[in-house]
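Written below as structure tokens is the structure these notes are about.
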Amino acid sequence: MTAHLNEIRLDAGVVAYSRWDRVFYRNFRADKMKADCVDKWVSTVFRTLGESIARTPGYYIVVPVMLFLTLSTGMQRIKYQDDPEYLFSPQNGQSHKDRERLFQLFPQNTSQDFDLSRLVTPEKFGRVIFYTKPGQNILRKGVFDDILKVDQLIKNLSSTWDDDTKNWYEICAKSEPHVCFTNDIFDYTIGKLRLVPEEDQGSNATMGLGIKYPLHFINATREIYFPGGFLGEIRTDENSEIVYSEAINMFYYIESSTRKKRLRAEQWENDFLKAMPKFCEDLEHVNCAYFTSLSLTQELEHNTTNVVPYFSITVFIMLAFTVSTCLMVDNVRSKPWLGMLGCLASGISVLAAFGLTMYVGVEFIAINMAAPFLMLGIGMDDTFVLLAAWRRTDPKKSVVERMGETYSEAAVSITITSLTNFISFIIGAITPFPSVRIFCVYTAVCVLFTYIYQVTFFGACMAIAGYAERRNLHGLFCFPTLPRSLAKDKPLWFKVLCSGGLNPNDPKNPKDNQEHILMVFFRDTWGAVLSKGYVKVMVIACFLVYIAFGIAGCCQLKEGLERYKLATDYSYAKTFFNIDDKFFRKYPYRVQIFTNVTLDYWNPETHEHLMDMLDEFESSAYIGNTELTECWFREFRRQAENNQQAQVFLGSFDLNVKEDYIKALRHMLKVEPFSTFKRDIKFNDDFTEIIASRCIIQATDIRNANDEKEMVLDLRRIAENFPELNLSVYHTLFIFFDQFILVRSTSLQNIIVAALVMVVVAIIFIPNLSCAFWVCFSMASIEIGVLGYMTWWNVNLDSISMVNLIMCIGFSVDYSAHISYAYLTASERDPNAKMREALHSLGMPIFQGSISTVLGIIVLAFAPSYIFLTFFKTVFLVIVFGALHGVVLLPVLLSLTDGICKKTSQKATFGLDGESHAPENGHVAFIYGSSPPQGHQLYKPTFDSIVHFEAGKAGANGQEYFSPYSSPNGTYLNKGLVLEGDEGSLRLGTLVGNGELVAEGGGKEKLNPAYLEEEEDKEEAASQKSSDSGLADTVEYREQNKESQSNKQMYHI
């Protein structure tokens, strides 16, 4: 057949060619849209990588395995960090600074100067709470006999360290030289108990301790006792004497002023923990809970060891799921081994990442054990995306071509998800909380290695599986199989277990080209459901309900990491914390106020100003009344004015004169009980100035972490009201409370920064404003949902959940980016058809990825640990919400808003090869062909404005055709054309706006870009020889048969 080559001059040298017997797509030179250069470049690079892997898969297996073997040796250098104060308090927090200042002013010596109210640093101790059943009085003779018995057992408990055995009496913390710090309660009980009534000597006889509440004064010794610190659930009689209590709090502090003494103290604590279960079992009338300074550290270690056995269960569950979802009816196209190898790739990538991170000296913490569970899910997500892309390639093509197409198609999706996850963890690594920072560093490296191992190691395994598939080998046992189309006479078991692959003599046989059932489901069933108008309305309505509950939850968000949450569920420490919170929250903390400013304490105006300061602190809702405050300068004036003995003693001094004031004060510090205040006054070297002083106030009614946070904020606010005094407030636990203060602002800051970065990444990789907007919208929606619903699920905002919220930013982009990119690159024109195509492409991997991630962490729901349970809850929420956004909400929103940003995209998309071409001078080159129906001829008009053509009606022989249309500006083509033939079909769609061509449908083959460029160069050479009129010379094309055209990758109709 003679070829009829026709040429149409569109404008400015843009030329379209046609010939009646053949139709092919000629690329043309035009400036590419700048916004899509990144995803084009990534796709091109990955196409090259995929082809390289297919040619030499062995290198991409051996090198990653060798890297894994090398780096995993770094785990021998593990540096385990389990100090809860370091991990869960913000570095450079206010309390750290206050502790440093306080220690410089009033250093503490547990060898001779220990005072529980004036602790500066956490010391070594054992602590026991004895408690009764609700409604029973602990002030009974039988109970006290039990308590005294245990008290003696503890004090006589011997501990051996460095071949030296000592009991508590020999290593106790000392309030004075050679005087152990003891529990106040025993100053009243030993030899001073009186029964009520006195004639009742039974074990249930109620005792009166003769102690007044809240303070008890002993006139003979002028001592003051505070029973609220060691008795819980107190009741008093008409004389304010304590007659009922349900709990007694006992402390056993140990000397730890040197490193050697500290190590010995830790050994005693370990022996104490071993002995206490036996001591408590022997009690007849009372229960006991116990705790030491080492308990939280050991509980963090138990969190790690308890979760290790769950990993083997996770691997088994994951393998079962991945293998089952990688199976197909076609035994050749089934990929069960790839499912297992995907898990293996994730596992060795985590070990390599851990080894490298340990090599560079990063500490290891308990929560890092969640990373393998998480990476298993993330890695399998990439695995499923790659497998889905492989299944969409043409089985008739070579493995090299299929790998190139697979990587080209999956490149942007897996790169976006890995990049967003990596960035979110990097942002988390700059937080002031060491626990968050360490976890994020380890997990960021794990994400990077998982990405690398998926595209190299797993890709190589996929290439080998591809070669097996090309040879029609069984997907599980690798023996040659018979195509299903040729196995019709075989038994059923043979068809089910041993058939598959393509018939080389009939490669298009539908029996041998069946798609995965899930891919078909998402396109034909789920896509059809979402295409219905009333379903879209229901989806939007459900979303509004979801977001309303999420916002409501955000408004009720609780903050703070209570101490008991760091303990495992069934440990003695959690029992202790619960009992402590139940009985001893009335008066929990003695708070220190101190200043390092040299003041004129003798000046009445200065004294009055200091009294105003104390009054403001004591007026706080979180502070007890004046009676519970210890402050030397107020007590000194009070004694001088109201105490007759003190007046006699101080009568010769004028307290308004500096020298007399200091001399009188130094004399008073030698007298009991005022001598206690010597710990609160710091003189200069020659005792002529008071350069620092300290007061103690009592916190009251602090019931939870929120109260603790508000108390610290209120006290610091009051201190800031007196800037001239340079005041600080401190308690040893304030370092933990700083976390409560900073966690909200730090979380918000990290979320905002991460979200902004995710927006930039989405816009770069998804060059469509509408799609990028909905990805960002989904990210915000998912984050609101996770924050809100975790509140309903009893998860506080703390340093543990903050880790997961940072992680959620990256995860929330994953599925949204997958489906948005698939929708953007769909070849269909109709929004619902594009939605179905996107669901067909990525609905299945989203389903597989979300289920695999949930299965990867499901066992953590049964771990006896708040840390890992919180991890499960937050990841579960983000995965579920992310998957629902990806396969339900986002497809609906994209289809409803399709076309909003088309005019700004400035690109023409042709269905055959997915290439996007920018218009030149407002026009687009297009192709047409097929002999026009009889009576019609093809016009060659001059175009003065943008071309607009759309599909026309069926003409002769059932074909659509071009027909002329006249207008004042000239003649235009306003009809499209459907070209049908052996190799596929192409429907030209509508050219809108500034030249965007929206194509409908698509061909079954893709053009070879190299061939197109070669043809383009020919056109340029021909154009250089054209006449001054600007018309290009005719370009001649040789007739080629079907096979040669296919070899050149021409699109053959």
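Each residue of the sequence shown is one higher than the one before, starting from 0 at the first, in numbering that gives the first Met the number 0. Glycine residues also receive a C-beta, built at the ideal position from the N, C-alpha and C atoms.
Quick one: what's got a C-beta closer than 7 Å to residue i's C-beta in the same chain, skipping five residues either side?
{"i": "K211", "result": "S239 and E240"}
{"i": "V858", "result": "Y309, I312 and T313"}
{"i": "V446", "result": "I377, S417, N420, F421 and F424"}
{"i": "D685", "result": "none"}
Report all residues from its chain with a CB closer than 8 Å to the CB of residue i; omit the five preceding and five following residues, and keep chain order.
{"i": "P121", "result": "E84, S292 and T731"}
{"i": "C54", "result": "Cys is not the amino acid found at residue 54; the sequence shown has Arg there. V399."}
{"i": "F105", "result": "R117, V119, F593, R678, D679, K681, A691 and R693"}
{"i": "L156", "result": "N166, W167, W267, D270, F271 and A274"}
{"i": "R584", "result": "D700, I701 and R702"}
{"i": "D611", "result": "none"}
Answer with yes or no whether the minimum CB distance from residue i to chain D is below 8 Å.
{"i": "A779", "result": "Of the chains in the structure shown, none is chain D; there is only one protein chain."}
Which same chain residues, not among the five before or five after residue i, have their C-beta less than 6 Å away from its C-beta?
{"i": "K564", "result": "Y865"}
{"i": "T852", "result": "G376 and I878"}
{"i": "I856", "result": "F372, F871 and V874"}
{"i": "S256", "result": "N108, T109 and S110"}
{"i": "Q958", "result": "Confidence is the limiting factor: at Q958 the pLDDT is only 37, short of 50, which leaves the residue's position unreliable, though a coordinate-based value still follows. Within the same chain, Q958 has no close Cβ partners at all."}
{"i": "A821", "result": "A837, S840 and L841"}
{"i": "E404", "result": "T392"}
What's the gap between the Cα of residue i and the Cα of residue j?
{"i": "D829", "j": "L888", "result": "18 Å"}
{"i": "R98", "j": "V728", "result": "9 Å"}
{"i": "H608", "j": "A718", "result": "13 Å"}
{"i": "K507", "j": "A816", "result": "33 Å"}
{"i": "F353", "j": "D568", "result": "28 Å"}
{"i": "F961", "j": "E827", "result": "In this predicted model, F961 has a pLDDT of only 37, less than 50, meaning its place in the structure is not dependable; the value taken from the coordinates is given anyway. Distance between the alpha carbons of F961 and E827: 21 Å."}
{"i": "V794", "j": "E782", "result": "15 Å"}
{"i": "M801", "j": "S397", "result": "48 Å"}
{"i": "L385", "j": "Y406", "result": "7 Å"}
{"i": "L343", "j": "M374", "result": "11 Å"}
{"i": "F652", "j": "H666", "result": "11 Å"}
{"i": "T69", "j": "K573", "result": "41 Å"}
{"i": "Y971", "j": "T824", "result": "Only weak support exists for where Y971 lies, its pLDDT of 33 falling under 50; the coordinates are left without a value."}
{"i": "L613", "j": "G360", "result": "48 Å"}
{"i": "A459", "j": "G465", "result": "10 Å"}
{"i": "V538", "j": "I751", "result": "28 Å"}
{"i": "N749", "j": "F739", "result": "16 Å"}
{"i": "V656", "j": "N683", "result": "18 Å"}
{"i": "L481", "j": "A319", "result": "27 Å"}
{"i": "V759", "j": "N705", "result": "36 Å"}
{"i": "G809", "j": "I223", "result": "58 Å"}
{"i": "I734", "j": "A428", "result": "20 Å"}
{"i": "F67", "j": "D38", "result": "30 Å"}
{"i": "V536", "j": "G784", "result": "20 Å"}
Return the Cβ separation of residue i and residue j in integer angstroms, given the expectation that the two are a contact with Cβ distance under 8 Å.
{"i": "V495", "j": "A862", "result": "Rounded, the Cβ-Cβ distance is 40 Å, inconsistent with contact."}
{"i": "G474", "j": "V331", "result": "6 Å"}
{"i": "W631", "j": "S692", "result": "7 Å"}
{"i": "F124", "j": "C287", "result": "Actually they are not in contact, since the Cβ atoms of F124 and C287 sit about 16 Å apart, beyond 8 Å."}
{"i": "E688", "j": "T605", "result": "Between T605 and E688 the Cβ distance is about 13 Å, and since that is not below 8 Å, they are no contact."}
{"i": "C325", "j": "L337", "result": "6 Å"}
{"i": "F521", "j": "G842", "result": "3 Å"}
### Message
For a minimum of 4 consecutive residues, which ranges assigned as the alpha helix (DSSP H) are wholly contained in the segment 504-558?
### Response
Fully enclosed alpha helix (DSSP H) runs of 4 or longer: 516-519, 526-530 and 532-554.
### Message
Between the segment 134-151 and the segment 245-258, can you find at least three pairs of beta-carbon atoms closer than 8 Å?
### Response
Yes, the segment 245-258 is in contact with the segment 134-151.
### the segment 413-428 / the segment 448-459 touching (three or more Cβ pairs under 8 Å)
Contact holds: three or more Cβ-Cβ distances are below 8 Å.
### Task
Taking 8 Å as the threshold, find out whether the segment 261-268 comes into contact with the segment 280-295 through three or more Cβ pairs.
As far as the Cβ criterion goes, the segment 261-268 touches the segment 280-295, which means the pair count is three or higher.
### Query
Contact between the segment 707-716 and the segment 610-626: three or more CB pairs below 8 Å?
Yes, they touch.
### Task
Please list the segments of the alpha helix (DSSP H) lying wholly inside the segment 416-469, counting only runs of 4 or more residues, in order along the chain.
With a minimum length of 4 residues, the continuous alpha helix (DSSP H) runs that stay inside the segment 416-469 are 433-452 and 458-469.
### contact_flag[the segment 517-537, the segment 835-844] where n(CB pairs < 8 Å) is 3 or more
The segment 517-537 is in contact with the segment 835-844.
#### Entry: Unbroken stretches of the alpha helix (DSSP H), 4 residues or longer, contained in the segment 852-904
The segment 852-904 contains these whole alpha helix (DSSP H) runs: 865-883, 889-895 and 901-904.
### Task
Check whether the segment 427-440 touches the segment 401-417, counting contact only when three or more Cβ pairs, one atom from each stretch, lie closer than 8 Å.
Judged by pairs of C-beta atoms under 8 Å, the segment 427-440 does not touch the segment 401-417, as fewer than three such pairs exist.
### Task
Could you say if the segment 764-776 and the segment 580-587 meet the contact criterion of at least three C-beta pairs nearer than 8 Å?
With contact defined as three or more Cβ pairs closer than 8 Å, the segment 764-776 and the segment 580-587 are not in contact.
### Message
Three Cβ pairs or more, each shorter than 8 Å: is that satisfied between the segment 694-706 and the segment 583-591?
### Response
A contact exists between the segment 694-706 and the segment 583-591.
#### Entry: Complete runs of the alpha helix (DSSP H) confined to the segment 349-397 [at least 4 residues]
For the segment 349-397, whole alpha helix (DSSP H) runs of length 4 or above, ordered along the chain, are 369-390.
### Task
List in chain order: all unbroken beta strand (DSSP E) runs of 3+ residues lying wholly within the segment 639-688.
Uninterrupted beta strand (DSSP E) stretches at least 3 residues long and entirely within the segment 639-688 occur at 680-682, given in chain order.
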